[in-house]
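The structure appears right after this line, and notes come after that.
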Amino acid sequence: MNHTDQQGDDDSRADRVAGTFGRLFGGPPDGVWAAPGRVNLIGEHTDYNDGFALPMALPQTTLLAARARTDGRLRLHSAQGDGRVTDLTVAALAPGAVTSWVSYPAGVVWALAEAGHPVGGADLHFDSTVPTGAGLSSSAALECAVAVAYDELYGLGLPGPELARIAQLAENAFAGVPCGIMDQMASVCCTAGAALQLDARTPEHHRQVPFDLRGQGLRLLVIDTRVSHDLGDGAYAALRAGCERAAALLGLPALRDLPAGDLPGALQALPAELAPLVRHVVTENARVTEAVSRLREGDVAALGPILTTGHASLRDDYRVSCPETDLAVTAALGAGALGARMTGGGFGGSVIALVEAGRESQVGESVTAAFGAAGHRLPRILSVTPAEGARRLAPAPGTR
Ligand code: GLA
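Position one of the sequence shown corresponds to residue 12 (my numbering), numbered consecutively onward.
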């Protein structure tokens with residue numbers, strides 16, 4: 012989709028959500044905001060180890076039509092929900108008090124108040140094109156839409172990384188998912204045509220890395236395996252705890268602080284169940300650095316082997332892949348993809364594949380055929396481009 016098409020699409024979606032908002036809540040919203048989902052190109056399970064990642068925003072977004080309220084009520088509705096409007100009171104928000112999808116947006120309002128920001132109520136209507144349960148950060152998109160909308164509605168003026176931290180706090184402390192900061196940083200801080208070079212220890216120092224897929228005759232496929240991933244199920248928390256224990260045993264603040272040269276000694280010293288986790292994190296951080304160098308040289312195709320090696324590390328050392336993600340990677344490579352890997356937390360979710368332009372259908376058909384032959388549910392395949400992070404759509408910035 013080119014820039015003009017994207018703009019036209021955004022405008023008509025913004026009009027539609029504003030119209031629905033009017034029917035639900037009466038009168039127009041104060042504004043319409045958009046926040047994207049993401050794929051991570053490389054740097055998986057590194058963010059909560061204070062390490063590196065390289066996500067990009069997806070064209071798929073969560074739209075939010077919002078209007079501030081002066082009575083402290085928080086009313087929420089989603090086009091993807093059960094049709095009901097949830098009616099809450101900001102002063103009564105507390106971790107555990109709200110469940111379902113509502114915990115993500117309500118958690119952001121709670122987190123802003125917790126951080127001492129003067130926020131009140133609002134009417135919120137969401138409409139999302141980010142697939143849920145596909146490892147594409149639909150929850151971060153919900154959170155970040157609220158964060159950017161509240162930032163403007165309540166005149167907070169917070170920088171992007173601070174909004175990402177607030178959204179992460181909502182997910183950790185309110186929704187109870189112990190995620191790192193990558194997804195929220197991607198949703199807030201990405202720019203079109205670039206990947207985001209993230210150092211999770213200092214998110215404010217993030218940098219944009221040009222990612223000119225199309226200019227280099229390349230495409231990026233997202234293969235949603237439709238095996239629903241759920242980071243709240245304890246496996247993610249257990250991996251995170253394993254990494255923290257390994258860092259403590261090594262006397263380091265975080266695994267990010269283990270130099271690659273010290274890895275062999277560390278692997279000897281650690282209990283057998285922790286060593287592979289550490290090997291993944293240290294080699295994965297190196298893969299991010301390598302990927303950033305190749306992209307800065309303008310060699311997008313060089314990303315291919317880095318993706319594939321990263322997948323092997325997630326499969327064999329970190330053990331967060333599953334038969335469907337492994338099959339998608341093998342089938343994509345077999346059909347000529349330059350590289351492929353699972354993306355996101357794992358245990359299902361999506362695979363990304365870097366392919367030459369013109370080979371998308373061949374790769375897509377091979378993966379679909381392999382899934383059919385294995386008796387898996389058929390995957391959903393999208394071709395994506397690096398898109399813009401969270402932003403206001405309407406009224407257009409500067410026209411209010
Ligand atoms: C999920 C989490 C992120 C990150 C990835 C794995 O997406 O939300 O913080 O840890 O898993 O890289």
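All C-beta atoms, glycine included, are put in the ideal place defined by N, C-alpha and C.
Under 8 Å by Cβ, that's how I've got residue i and residue j pegged, so tell me the actual separation to the nearest angstrom.
| i | j | result |
| --- | --- | --- |
| Asp-138 | Val-50 | Incorrect: roughly 21 Å between the Cβ atoms, too far for contact. |
| Ala-46 | Cys-155 | 4 Å |
| Arg-352 | Gly-321 | 5 Å |
| Leu-288 | Asp-328 | 7 Å |
| Val-378 | Ala-343 | 6 Å |
| Tyr-161 | Leu-123 | 6 Å |
| Met-193 | Ala-64 | 5 Å |
| Val-311 | Asp-223 | 7 Å |
| Gly-146 | Gly-356 | 6 Å |
| His-291 | Leu-325 | 7 Å |
Relative to the C-alpha of residue i, which candidate in the options has its C-alpha closest?
| i | options | result |
| --- | --- | --- |
| Pro-221 | Pro-170, Leu-52, Glu-173 and Thr-110 | Leu-52 |
| Ala-258 | Thr-97, Leu-250 and Leu-269 | Leu-269 |
| Glu-367 | Ala-346, Ala-206 and Ala-249 | Ala-346 |
| Glu-371 | Gly-360, Val-395 and Arg-352 | Val-395 |
| Gly-309 | Arg-225, Thr-31 and Val-157 | Arg-225 |
| Val-141 | Asp-235, Ala-407 and Asp-93 | Asp-235 |
| Gly-360 | Leu-266, Pro-170, Val-238 and Cys-254 | Val-238 |
| Gln-195 | Glu-173, Leu-75, Ala-184 and Gln-373 | Glu-173 |
| Thr-73 | Val-157, Thr-31 and Ala-105 | Val-157 |
| Pro-397 | Gln-219, Leu-169 and Glu-182 | Gln-219 |
| Val-109 | Ala-124, Tyr-59, Ala-184 and Leu-35 | Ala-184 |
| Glu-182 | Thr-31, Trp-121 and Thr-57 | Trp-121 |
| Val-96 | Gly-48, Val-113 and Leu-104 | Val-113 |
| Glu-125 | Ala-265, Gly-171 and Gln-179 | Gln-179 |
| Glu-295 | His-88, Arg-34 and Tyr-59 | Tyr-59 |
| Ile-363 | Ala-186, Gln-373, Leu-87 and Arg-230 | Arg-230 |
| Thr-354 | Ala-186, Leu-35, Gly-171 and Gly-48 | Gly-48 |
| Glu-215 | Pro-316, Ala-265 and Gly-171 | Gly-171 |
Are there 16 or more other CB atoms within 10 angstroms of the CB of residue i, so buried, or fewer, so exposed?
| i | result |
| --- | --- |
| Ser-23 | exposed |
| Ser-111 | exposed |
| Ser-61 | The sequence given here places Asp at residue 61; Ser does not occur at that position. So Asp-61 counts as buried. |
| Glu-376 | exposed |
| Pro-129 | exposed |
| Gly-272 | exposed |
| Arg-267 | buried |
| Glu-284 | exposed |
| Asp-134 | buried |
| Arg-403 | buried |
| Gly-107 | exposed |
| Asp-98 | exposed |
| His-217 | buried |
| Gln-210 | Checking the displayed sequence, the identity of residue 210 turns out to be Asp instead of Gln. With 16 or more other Cβ atoms within 10 Å, it is buried. |
| Asp-93 | exposed |
| Arg-411 | Caution applies to Arg-411, whose pLDDT of 49 falls short of 50 and renders its modelled position unreliable; the model cannot decide the point. |
| Ala-105 | exposed |
| Gly-19 | exposed |
| Arg-34 | exposed |
Excluding sequence positions up to five away, which residues of its chain have a Cβ less than 8 Å from the Cβ of residue i?
| i | result |
| --- | --- |
| Val-314 | Here residue 314 is Leu; the residue named in the question, Val, does not match the sequence. Answer for Leu-314: Leu-52, Ile-53, Ala-302, Arg-305, Leu-306, Leu-349, Gly-350 and Leu-365, listed in chain order. |
| Gly-253 | Glu-284, Leu-285 and Leu-288 |
| Val-159 | Trp-44, Ala-46, Leu-174, Val-199, Ala-401, Arg-402 and Arg-403 |
| Leu-250 | His-56, Leu-288, Tyr-329 and Val-331 |
| Thr-319 | Val-340, Leu-344, Gly-350, Ala-351 and Arg-352 |
Apart from the five residues just before and just after residue i, which ones in its own chain have a Cβ nearer than 6 Å to its Cβ?
| i | result |
| --- | --- |
| Leu-274 | Val-293 |
| Thr-143 | Ser-149 |
| Leu-393 | Val-233 |
| Phe-32 | Pro-40, Ala-76 and His-136 |
| Gly-90 | Note that residue 90 corresponds to Ala in the displayed sequence, not to Gly. Around Ala-90: Asp-138. |
| Ala-380 | none |
| Ala-151 | Asp-194, Gln-195 and Ser-198 |
| Leu-153 | Thr-73, Tyr-115 and Pro-116 |
So, for residue i: in the same chain, excluding its five sequence neighbours on each side, which residues have a beta-carbon less than 7 Å away from its beta-carbon?
| i | result |
| --- | --- |
| Phe-358 | His-240, Ala-246, Val-331 and Cys-333 |
| Gly-228 | Glu-367 and Ala-368 |
| Ala-277 | Leu-261, Leu-269 and Val-289 |
| Asp-21 | Ala-45 and Leu-404 |
| Arg-212 | Asp-61 and Arg-267 |
| Gly-7 | For residue 7 there is no data in the structure shown, the boundaries of the chain being 12 and 411. |
| Ala-407 | none |
| Ala-25 | Val-43, Leu-74, Leu-404 and Ala-405 |
| Arg-256 | Leu-285 |
At a Cβ threshold of 8 Å, is residue i touching chain C?
| i | result |
| --- | --- |
| Pro-170 | Looking at the structure shown, chain C is missing, and only one protein chain is on hand. |
Open item on the list: Check whether the region 333-342 and the region 381-389 touch, using three or more Cβ-Cβ pairs below 8 Å as the test.
Closed with: Contact holds: three or more Cβ-Cβ distances are below 8 Å.
Open item on the list: Below 8 Å, how does it come out for the region 110-124 and the region 37-44: are there three or more Cβ pairs, yes or no?
Closed with: No, they do not touch.
- [ ] State whether the region 65-77 contacts the region 200-207, with contact taken as three or more CB pairs (one from each stretch) at a distance under 8 Å.
- [x] The region 65-77 is in contact with the region 200-207.
Open item on the list: Three or more C-beta pairs under 8 Å: does that hold for the region 156-167 against the region 74-81?
Closed with: The region 156-167, when compared against the region 74-81, does touch it at the 8 Å Cβ threshold.
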